[in-house]
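Notes for the one structure printed next.
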Amino acid sequence: MTKRRRSALIASSASLAAEKTLYKNTIKKAGLEKLRKEQQRKKRKKGGTFYRNRYFAGLLKNNIVLSSNNKSLVKINGWQNIKKIATQFKKVKTLAKLTDVINTTKNYKPQETQEKVIQNIYLFILDMHVDRPWIFSKQFIEIYSEADYQYKFWSYIFELFLGRRQDVLLRWGDTISGSCKKVGKKFKLDLRLVMIQDDENIVDGCTGEMAKKATVKKIYKDKLKSTIASKCHLNTFIKELPYIRAQDVPLIKMPIIQIAGFNGKLSVISLPKKKEYKLEDIFSFCFPKSLKQIETGSLENLINFLSTVDDMLDNLRKIYHDNSSSVANDIENILTEVNQKKKLNYNAWITKATFEKEDDDEDDEDDEDDDEDDDEEDDEEDDDEEGDKKEDDREEDDKEEDDEEEDDDDG
């Protein structure tokens, strides 16, 4: 075979190999694209029913039952509002009347620190409706993000009312509690009310989750996460109280706050029986976004919600103080030869927090991917995935070309 003929055959073989590789890559890309679309289709199919069923299944696995009592075991604190001001809210039918109420509120002389806090919350909300009413317009609401609701509306009143004590620290923005870390899960919570005891012991007293709007997926997913995380906190709290009496364990109630936009729900988890937790929805509240809501009592209702959470934290504080050390009489123990320092067998009460893989924040994608605000982020993620695929394809092409060259050399 002549040298020219051999070169022609090699060139023809290389061209054929290149076409073959191109064909394989085309088929591979089509397959990857089909797989990606199928995964997106399956993700979209996980609608309300899927997350609702997963929520109830998650409660069942964690020995958590929903309260069926019509009468709540948690008493709502409805007496913290300032009557001289609150009675004026019923007159708020126009902006002119609202201005009069604001003047009345500003002129009020608070009798104590608590009244000063409530007065400031009143003014914070009322001034919004006079000075910046457009922030409650449909146009603005449609473009708000979760962070917008947190920073513009909720964080100020939470910090002012619930964060005024030195032993309560509000942790905002996807923080992870030590209780969850200890059981190997890293639930990122939007809000944690951390109680600092004895300048060293830190106990989570309340959890909070926020969303820009209420969707079935977001509500059930966040509720399950915050409920199981609160179970971890409850278990840890009980372990911190070695001398608590068995009859006092059911008195421990952990508040759970869930907010979507301007609306919120307060729930509580407790342990009324051994190895049986109870979840109870106890109170609905909202951030007043209209004069009608102010007129019909939404602002007073908001104060009632904050006061109730504050009372529950006070109760946790008292239980911790009363049961973290023994109150037995050492002299009596010696004389009667009876050990009164009997510790609670917490293993007989609590159960391990159980998580499905999908429940873990580490495996979660952005929960706001259903919202228009996150479309651009999703597109960027898709572009990144496509870039990775192209890079993989290029590596595969190079590998196949190397194999072809080796085959040619062997030939």
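The opening residue of the sequence shown carries number 1 in UniProt numbering; numbering runs sequentially from there. Note that CB positions come from ideal geometry on N, CA and C, so glycine has one too. Note that the structure is predicted; figures quoted are calculated from it, not measured.
Around the C-beta of residue i, are 16 or more other C-beta atoms found within 10 angstroms, so that it is buried, or is it exposed?
{"i": "Asn304", "result": "buried"}
{"i": "Asp131", "result": "exposed"}
{"i": "Ser226", "result": "buried"}
{"i": "Glu19", "result": "exposed"}
{"i": "Pro110", "result": "exposed"}
{"i": "Trp349", "result": "buried"}
{"i": "Asp174", "result": "exposed"}
{"i": "Phe50", "result": "exposed"}
{"i": "Gln139", "result": "exposed"}
{"i": "Ala353", "result": "buried"}
{"i": "Gln258", "result": "buried"}
{"i": "Leu316", "result": "buried"}
What does the alpha-carbon distance come out to for the pair residue i and residue j?
{"i": "Lys152", "j": "Asn25", "result": "51 Å"}
{"i": "Leu73", "j": "Leu32", "result": "55 Å"}
{"i": "Ile319", "j": "Asn81", "result": "27 Å"}
{"i": "Lys289", "j": "Leu162", "result": "22 Å"}
{"i": "His233", "j": "Ile27", "result": "52 Å"}
{"i": "Ala17", "j": "Asn53", "result": "52 Å"}
{"i": "Thr296", "j": "Ile228", "result": "35 Å"}
{"i": "Pro255", "j": "Thr94", "result": "36 Å"}
{"i": "Phe56", "j": "Thr113", "result": "43 Å"}
{"i": "Lys183", "j": "Ser324", "result": "The displayed chain sequence assigns Val, not Lys, to residue 183. Cα-Cα distance, rounded: 22 Å."}
{"i": "Tyr220", "j": "Gly48", "result": "9 Å"}
{"i": "Lys273", "j": "Thr207", "result": "22 Å"}
{"i": "Gly205", "j": "Thr236", "result": "11 Å"}
{"i": "Arg36", "j": "Ala246", "result": "54 Å"}
{"i": "residue 412", "j": "Cys286", "result": "This structure cannot settle anything about residue 412, because the visible part of the chain is limited to 1 through 411."}
Near residue i, what residues of its chain come up, given a Cβ to Cβ distance below 8 Å and the 5 sequence neighbours on each side ignored?
{"i": "Gly261", "result": "Ile141, Tyr144, Tyr149, Ala211, Lys212, Lys213, Ala214"}
{"i": "Asp127", "result": "Ile102"}
Grab me the residues of residue i's own chain with a C-beta within less than 7 Å of its C-beta, minus the 5 sequence neighbours each way, in chain order.
{"i": "Ile196", "result": "Asp167, Leu169, Ile202"}
{"i": "Leu160", "result": "Val117, Asn120, Ile121"}
{"i": "Asp281", "result": "Lys265, Ser267"}
{"i": "Ser307", "result": "Asn77, Gln80"}
Considering only residues of the same chain and omitting the five flanking positions on each side of residue i, which have a CB-CB separation below 6 Å?
{"i": "Ile64", "result": "Tyr277, Leu279"}
{"i": "Thr351", "result": "Asn63, Lys275"}
### Query
Does the count of Cβ pairs from the stretch 83 to 91 and the stretch 266 to 277 closer than 8 Å reach three?
In short, these stretches do not touch, since the Cβ pair count stays below three.
### Message
I'd like to know if the stretch 297 to 315 and the stretch 239 to 246 are in contact, where contact means that at least 3 CB-CB pairs between them fall below 8 Å.
### Response
The answer is no - the stretch 239 to 246 does not touch the stretch 297 to 315, with fewer than three Cβ pairs under 8 Å.
### Query
Any chance the stretch 175 to 191 sits against the stretch 120 to 131, with 3 or more Cβ pairs inside 8 Å?
no
### Message
Below 8 Å, how does it come out for the stretch 92 to 104 and the stretch 46 to 65: are there three or more Cβ pairs, yes or no?
### Response
Taking a cut-off of 8 Å on C-beta distances, the stretch 92 to 104 does not touch the stretch 46 to 65, as fewer than three cross pairs fall below it.
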